[in-house]
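Asks: Input: one structure, supplied below.
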Amino acid sequence: MRHGRRRITWSGTALVLGAVTAGCALVTYLPQDQGLDTPVVVEGVPGETLDLTYAELTVTDVRVADTLEGTTETAVAGGTFLVVDVTWRATRTQTTFAGAEVTDSQGRRFWPSALGDCAASATSQPGYAWRATYCFDVPEDALAGATVRLARGSQSEEHAEQRRDAVAVVDLGITAGAARTLWDAAETVRPEPQGFAVPGAGDAATGDASTGDASTGDAGGDA
Amino acid sequence: MKHARSDGPDLAFRIGRRVVAAVADDMSTAQRVGVGVVGALVALTPFGAWSPAQAQTAPLVTGTAVEVGPFEVTVEKAAVADDLGLLVPEPGNQMLAVVASVTNTGEVPEYSVTLGDTMPAPRGVGIVPEEPFGEPAAETGGEADLPSPTIVNIADGTSRSILNPGVTYRLAFIWEQSGDFAGETVPLELIDLGWVEEDLAGLDDGHWYVGEAAFSGDVPVGQAGPGTEAGQQ
Amino acid sequence: MTTLVTPAVPGPGGEQDERPAPSLPPGMLPGTIPPSPPPQAARAGWWRRNVVWLVLLPVAVVVAAGASSFRVWAFWWPTGLHHEVDRVTQGGVAHYAGEYYDLGLSLPERANTDVLREVDMTVTNVEQVATLPAPQFGDPVEVPDGSVAYQVQLQLAAEPQTDLSGCQIVLVADDGTRYGEDTSDLLLGSVYRCLPPDAEDSLSVQPSWDVTSYVLVDADATITQVWLAFGGPEYVRTDLPPR
Chain D
1 MRHGRRRITW SGTALVLGAV TAGCALVTYL PQDQGLDTPV VVEGVPGETL DLTYAELTVT
61 DVRVADTLEG TTETAVAGGT FLVVDVTWRA TRTQTTFAGA EVTDSQGRRF WPSALGDCAA
121 SATSQPGYAW RATYCFDVPE DALAGATVRL ARGSQSEEHA EQRRDAVAVV DLGITAGAAR
181 TLWDAAETVR PEPQGFAVPG AGDAATGDAS TGDASTGDAG GDA
Chain R
1 MKHARSDGPD LAFRIGRRVV AAVADDMSTA QRVGVGVVGA LVALTPFGAW SPAQAQTAPL
61 VTGTAVEVGP FEVTVEKAAV ADDLGLLVPE PGNQMLAVVA SVTNTGEVPE YSVTLGDTMP
121 APRGVGIVPE EPFGEPAAET GGEADLPSPT IVNIADGTSR SILNPGVTYR LAFIWEQSGD
181 FAGETVPLEL IDLGWVEEDL AGLDDGHWYV GEAAFSGDVP VGQAGPGTEA GQQ
Chain A
1 MTTLVTPAVP GPGGEQDERP APSLPPGMLP GTIPPSPPPQ AARAGWWRRN VVWLVLLPVA
61 VVVAAGASSF RVWAFWWPTG LHHEVDRVTQ GGVAHYAGEY YDLGLSLPER ANTDVLREVD
121 MTVTNVEQVA TLPAPQFGDP VEVPDGSVAY QVQLQLAAEP QTDLSGCQIV LVADDGTRYG
181 EDTSDLLLGS VYRCLPPDAE DSLSVQPSWD VTSYVLVDAD ATITQVWLAF GGPEYVRTDL
241 PPR
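Chains as they are written, first to last, in the numbering used here: chain D, 1 to 223; chain R, 1 to 233; chain A, 1 to 243.
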């Protein structure tokens, strides 16, 4: 053991403080989370089949409704219900699709309501296309330019479950003029409960062609 | 080469003492006091030492919109009814509903549970207390916890678990109440919510915490007419 | 090089002491190592002096990585099919054995115990069918476009009173896609996929019995294996002959 007195010297203090400051600056200013956390966003439009690796997704129809009539309950919109019909086709294993969120042009976010047979999440397996209808209660000024974000990871906790995972963002294609018309229309929609997607049985003209595409796509294509 | 063998159980203590001594030995008394004060201030930060002292509650007036956390709430009235749709009280009791228009003024959806936190059950008007699991309420002694309101959307009788931004709902906040109550007003408080962006103590970033009462006032009670509250079930 | 570490023996009192430390001869810079006492041997190099810590460093890295990987066994391993217990070719008997925690839902005397579940599986037939039989309730499910339906026939054997709830009959394609993992039969509406259709609860009655299950599969998929599982992580596998 060495005996003797060491001094706290200016140079030693400056060295330590400088190192701590430099470390703090690195942690604070380097964009360390970017690239590690960001989801893989697959963009598309209604009718297009999107490959999310774990599933193929098609937004088959976009509607609005003031009233949703389900088998057990009827729901009246506070704003208007943005009704988004989709088909999911899992490609690897049984998958729960927990993420469904609408984002408007101002960046506000809206979550679906599981009212009147509308889905808040869907579970399906490979081997078939599964139909689900999401209903979002949104204000009038959210319609124009709205996009829907669908994924297997839930959107709660700032999209924590979607980190580094594929996420579909579909532009619903609502123009400002169309938004006015959609808002004024007093539609009653009877959302179909989730089920096997049978082409031709849907109510959307756009849905038929795109669902057909899904079955000829590269389902299970990681062979 | 001599080895400073650190074989005692007091190794951690010796290291800690060395680190403290290394810094403190060369300080003047004034410096030590300064360091102590700074350390104490830093240590108090997670416990809300810098939160502003709570002001007095503002008056709650029916028909006037007030802001609590992410919600704009306009309390309209209170009403009592024998039953409200699926909500049926025990015999001899009645349902008390406070009717309010609520808008989520934020950018993201909020849970209606968060909204329920802003409106605690009115005290002293015979609200049936929460029954703790396993034991009757009478045995708990003291003031029993009053339940959170059941929130129902008046337009269709549904309960909405989330409230999307920018959408206004006319909601009924409902409690079961003793049938003995015959007052003309109920005392109502609205609790402010504070946003915790970064939670240093609980590692639960980004949530609303329940603050202090921000608004209070007496809300007149009417008799619920047929079909007004959740009556469409 | 200066350092902030002071010796264990404190310096002379707490008063301001402007003199150099006692062991420091005049003229020495603070922080340098005094020349006395004279070294008995050549000073060991930095690597020699720190050899213990250098050896411990990789160990510490391994321990830290292990400690932070608890999610692998806590979350990933139990929820999925990860442990192949047995593997046979078609015609052989695959022996499933896996422990589960019984909540006593079917047999109260098993409540809150770990139970070893053993089931023998023989795949008797796997073939494509054009239509699906009528379900227990409701209308028959049409085979959707882009899908084909497979009929899977198994012979199962287990001690009577074996709990078969949560049973999965999985068809695995050559690309690893797993079809039919659901624990209930979407197509026929039966809750117990591994028991005869007239089963009243999740417990087996006979020592040996046949089950038929239907699975929807992508039209272009090549099915190569049949798995039997109960939620995982254990499963047994039967390889189908190439066709």
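The C-beta atom is built at its ideal place from N, Cα and C for all residues, glycine as well.
Short of 6 Å in beta carbon distance, which residues of its chain neighbour Ala75/D, apart from the five on each side in sequence? Order them along the chain.
Replies: Taking the first residue of the first sequence as position 1, residue 75/D is located at position 75. Excluding positions up to five away in sequence, the list reads Leu68, Leu115 and Gly116.
Asks: Determine, using beta carbons only, whether Pro144/A comes closer than 8 Å to chain D.
Replies: For the purposes of this step, residue 144/A is taken as the residue at position 144 of the third sequence. At least one chain D Cβ lies under 8 Å of Pro144/A.
Asks: With 16 other CB atoms within 10 Å as the buried threshold, where does Glu139/R fall?
Replies: Your numbering for residue 139/R matches position 139 in the second sequence. Bear in mind that the predicted position of Glu139/R carries a pLDDT of just 47, short of 50, making it unreliable; the figure below should be weighed with that in mind. That one is exposed.
Asks: Determine the contact status of Val86/D and Ala65/D, defining contact as a CB-CB distance below 8 Å.
Replies: In the first sequence, the residue the question calls residue 86/D occupies position 86. In the first sequence, the residue the question calls residue 65/D occupies position 65. Going by C-beta atoms, Val86/D is not nearer than 8 Å to Ala65/D.
Asks: List the residues that DSSP assigns as beta-bridge partners of Ser159/R.
Replies: In the second sequence, counting from the first residue as 1, residue 159/R sits at position 159. Its beta-bridge partners do not exist; DSSP assigns none.
Asks: Under a CB-based cut-off of 8 Å, is Val256/A close to chain D?
Replies: Outside the displayed range of chain A (1 to 243) lies residue 256/A, so it cannot be described from this structure.
Asks: Quick one: is Asp208/D near chain A, going by C-beta distance under 8 Å?
Replies: Along the first sequence, one-based indexing puts residue 208/D at 208. Legend: pLDDT at Asp208/D = 33, less than 50; position of this residue unreliable, value from coordinates given subsequently. So, not an interface residue.
Asks: By the criterion of Cβ-Cβ separation under 7 Å, what are the contact partners of Leu115/D in chain R?
Replies: Residue 115/D sits at position 115 when you count from the first residue of the first sequence. In chain order: Thr158.
Asks: Ala120/D: which of Tyr128/D, Ala129/D and Thr133/D sits nearest, CA to CA?
Replies: Along the first sequence, read from residue 1 onward, the residue named residue 120/D stands at position 120. Minimum Cα distance to Ala120/D is reached at Thr133/D.
Asks: So is Val62/D in contact with chain R if we call contact Cβ pairs under 8 Å?
Replies: If you number the first sequence from 1, residue 62/D lands on position 62. It does not; no Cβ of chain R falls within 8 Å.
Asks: For Tyr100/A and Arg170/R, I'd like the C-alpha separation in whole angstroms.
Replies: Position 100 of the third sequence, counted from the start, is the residue given in the question as residue 100/A. Position 170 of the second sequence, counted from the start, is the residue given in the question as residue 170/R. Going by the C-alpha atoms only, they are around 49 Å apart.
Asks: Is Gly107/D close to chain R? Criterion is C-beta to C-beta, closer than 8 Å.
Replies: Residue 107/D sits at position 107 when you count from the first residue of the first sequence. Interface residue, yes.
Asks: In terms of alpha-carbon separation, which member of Gln136/A, Leu116/A and Gln151/A lies closest to Ala97/A?
Replies: Within the third sequence, the letter at position 97 stands for residue 97/A. It is Leu116/A whose Cα lies nearest to the Cα of Ala97/A.
Asks: So with Cβ pairs under 8 Å, would you call Thr87/D a contact of chain A?
Replies: Taking the first sequence and counting its residues from 1, one reaches residue 87/D at position 87. Closer than 8 Å: no.
Asks: On the three-pair Cβ rule with 8 Å, is the stretch 30-45 of chain R touching the stretch 70-87 of chain R?
Replies: At 8 Å Cβ cutoff, the stretches do not touch.
Asks: Consider the Cβ of Ala137/R: report whether some Cβ of chain D lies at a distance smaller than 8 Å.
Replies: Here residue 137/R refers to the residue found at position 137 of the second sequence. With a pLDDT of only 47 at Ala137/R, under the threshold of 50, the placement of this residue in the model should not be trusted; the figure read from the coordinates follows. No, Ala137/R lies away from the interface with chain D (no Cβ there is under 8 Å from its Cβ).
Asks: Check the Cβ of Pro139/D against every Cβ in chain R and list those closer than 7 Å, keeping chain order.
Replies: For the purposes of this step, residue 139/D is taken as the residue at position 139 of the first sequence. Residues of chain R passing the Cβ test: Gly166 and Val167.
Asks: Between the stretch 134-142 of chain A and the stretch 103-119 of chain A, are three or more C-beta pairs nearer than 8 Å?
Replies: With a cut-off of 8 Å, the stretch 103-119 of chain A and the stretch 134-142 of chain A do not count as touching, because too few Cβ pairs lie within range.
Asks: Ignoring anything shorter than 3 residues, give me the beta strand (DSSP E) runs that lie fully in the stretch 114-192 of chain D, in order along the chain.
Replies: With a minimum length of 3 residues, the continuous beta strand (DSSP E) runs that stay inside the stretch 114-192 of chain D are 122-124, 130-138, 147-151 and 166-171.
Asks: Since Leu171/R sits in a beta bridge, which residues does DSSP pair it with?
Replies: If you number the second sequence from 1, residue 171/R lands on position 171. In the DSSP output, where bridge partners are listed per residue, Leu171/R has Ala100/R and Asn153/R.
Asks: So the alpha helix (DSSP H) Asp210/A belongs to, where does it begin and stop?
Replies: The residue labelled residue 210/A in the question sits at position 210 within the third sequence. Where Asp210/A is concerned, there is no enclosing alpha helix (DSSP H), although the beta strand (DSSP E) it sits in stretches over Ser208 to Asp218.
Asks: Please confirm if Val88/R has its CB atom under 8 Å from at least one CB of chain D.
Replies: On the second sequence, position 88 is the one that residue 88/R refers to. Taking Cβ atoms only, chain D never reaches closer than 8 Å to Val88/R, which makes this a no.
Asks: For Glu110/R and Pro39/D, I'd like the C-alpha separation in whole angstroms.
Replies: Here residue 110/R refers to the residue found at position 110 of the second sequence. Here residue 39/D refers to the residue found at position 39 of the first sequence. Straight-line Cα distance between these residues: approximately 23 Å.
Asks: How should Cys24/D be labelled, buried or exposed, when 16 other C-beta atoms within 10 angstroms of its C-beta is the threshold for buried?
Replies: Taking the first residue of the first sequence as 1, we reach residue 24/D at position 24. Exposed, because fewer than 16 other Cβ atoms sit within 10 Å of the Cβ of Cys24/D.
Asks: Are the Cβ atoms of Phe181/R and Val125/R separated by less than 8 Å?
Replies: Start at 1 with the first residue of the second sequence, and residue 181/R comes out as number 181. Start at 1 with the first residue of the second sequence, and residue 125/R comes out as number 125. Cβ distance < 8 Å, so Phe181/R and Val125/R count as in contact.
Asks: Taking the continuous alpha helix (DSSP H) assigned at Tyr192/A, which residues delimit it?
Replies: Position 192 of the third sequence, counting from 1, holds the residue named residue 192/A. Premise fails: Tyr192/A is in no alpha helix (DSSP H) and is neither H nor E.
Asks: In three-state terms, what does DSSP make of Pro59/R?
Replies: Your numbering for residue 59/R matches position 59 in the second sequence. Reduced to three states, the DSSP call for Pro59/R is strand.
Asks: Taking just the CA atoms, how far does Arg178/A sit from Ala172/R?
Replies: Numbered from its first residue, the second sequence carries residue 172/R at position 172. Numbered from its first residue, the third sequence carries residue 178/A at position 178. The alpha-carbon atoms of Ala172/R and Arg178/A are separated by roughly 48 Å.
Asks: Any C-beta of chain A sitting closer than 8 Å to the C-beta of Gly212/D?
Replies: Within the first sequence, numbered from 1, the residue matching residue 212/D stands at position 212. With a pLDDT of only 31 at Gly212/D, under 50, the local geometry of the prediction cannot be trusted, and the value read off the model is given with reservation. Chain A, which has a Cβ nearer than 8 Å to the Cβ of Gly212/D, makes this yes.
Asks: Run down chain A in chain order and give the residues with a C-beta less than 8 Å from the C-beta of Gly23/D.
Replies: Position 23 of the first sequence, counting from 1, holds the residue named residue 23/D. Those within 8 Å of Gly23/D in chain A number zero; the least Cβ separation is about 17 Å.
Asks: In three-state DSSP terms, what is Ala157/A?
Replies: Working through the third sequence from its first residue, we reach residue 157/A at position 157. The answer is strand: DSSP assigns Ala157/A an E or B state.
Asks: What residue range is occupied by the uninterrupted beta strand (DSSP E) comprising Thr13/D?
Replies: The residue labelled residue 13/D in the question sits at position 13 within the first sequence. Premise fails: Thr13/D lies in the alpha helix (DSSP H), Trp10 to Tyr29, not in any beta strand (DSSP E).
Asks: In the DSSP assignment, find the beta strand (DSSP E) that holds Trp195/R and state where it starts and stops.
Replies: By 1-based counting over the second sequence, the position of residue 195/R is 195. Counting along the chain, the beta strand (DSSP E) containing Trp195/R begins and ends at Thr185 to Val196.
Asks: With H, G and I counted as helix, E and B as strand and the rest as coil, what does DSSP make of Pro108/A?
Replies: Indexing the third sequence from 1 puts residue 108/A at position 108. Pro108/A: helix per DSSP, three-state reduction.
Asks: Would Ala166/D count as contacting chain R if we go by Cβ distances under 8 Å?
Replies: To locate residue 166/D, count along the first sequence from 1; it is residue 166. Not an interface residue.
Asks: Less than 6 Å between C-beta atoms, sequence neighbours within five positions excluded: which residues of the same chain meet that for Thr114/R?
Replies: The residue given as residue 114/R occupies position 114 in the second sequence. Answer for Thr114/R: Trp208, listed in chain order.
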